[in-house]
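*Asks:* Quick note on full-length UniProt numbering: the sequence shown kicks off at 1 and runs consecutively. I'd like to ask you about the structure that follows.
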Amino acid sequence: MAAAAARVTAGPSSVSLTQTRWRRAAAEPRQDIMEGEQAQLRNLRDFLLVYNRMTEICFSRCVSNMNYRTVTMDEEKCLDSCASKLIRSNHRLMSAYVGLMPGIVQRRISDQESKAAELNQIASSESTPVALAAGDGTEVQSMPSGESLQPVPSSTADSSS
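Here is the structure:
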């Protein structure tokens with residue numbers, strides 16, 4: 001009877017563990033989807049900002065008469081010209097950005113690698129034994145990791161340095 005009770009109590013916990021694993025596995029694709037949606041929203045926001053800025057610039061340059069409900073032919077030509085200039089300049093900037101980005105990324109990677117190498121060098125130099133002079137003419141080796149101190153004869157320490 002006790003074994004049956006143990007199986008009954010073990011059953012739900014194993015089910016909840018399985019459910020937890022399934023939830024985690026199901027959550028990972030959701031996070032990827034959410035990140036993709038957030039990236040799309042950022043792209044849309046950036047596009048709308050550029051579009052709104054272009055609209056403000058071209059409107060302020062080209063529309064001078066607010067007496068009519070329609071755009072005049074001169075205003076329409078000016079707006080077309082203005083928009084195409086801004087779009088061409090945006091394309092040129094983006095192509096320059098795409099061309100320069102690999103070099104910038106490579107420089108950042110090399111900077112990070114050099115910083116990591118410096119930190120590793122500092123960490124390795126801190127883990128080497130340091131000889132301290134004791135008052136009685138002998139030297140004591142100290143380990144930064146907190147190991148015990150060991151006396152070293154001064155003649156051995158002098159010959160190593």
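We treat Cβ as the ideally placed atom computed from N, Cα and C, and that holds for glycine.
#1: Just tell me which of Glu76, Glu113, Ala116 has its CA closest to the CA of cysteine 62.
#2: Restricting to Cα atoms, I'd like to know which of Met73, Ser81, Leu41 is closest to cysteine 58.
#3: I'd like the span of the alpha helix (DSSP H) that includes tyrosine 97, first residue to last.
#4: To the nearest angstrom, how far is the alpha carbon of tyrosine 97 from that of asparagine 120?
#5: Tell me, please, whether the stretch 79-93 touches the stretch 45-57 by the rule of three or more beta-carbon pairs shorter than 8 Å.
#6: How big is the Cα-Cα spacing for lysine 115 and glutamine 31?
#7: With a 10 Å radius around its C-beta and 16 neighbouring C-beta atoms as the bar for buried, classify alanine 6 as buried or exposed.
#8: Nearest-angstrom Cα distance between methionine 73 and leucine 41?
#9: Going by C-alpha to C-alpha distance, which of Val50, Arg45, Ile33, Glu126 sits closest to leucine 86?
*Replies:* Taking the geometry as given:
#1: Glu76
#2: Ser81
#3: 73-126
#4: 34 Å
#5: yes
#6: 32 Å
#7: With a pLDDT of only 44 at alanine 6, under 50, the local geometry of the prediction cannot be trusted, and the value read off the model is given with reservation. Counting Cβ neighbours within 10 Å, alanine 6 comes out exposed, since fewer than 16 surround it.
#8: 36 Å
#9: Val50
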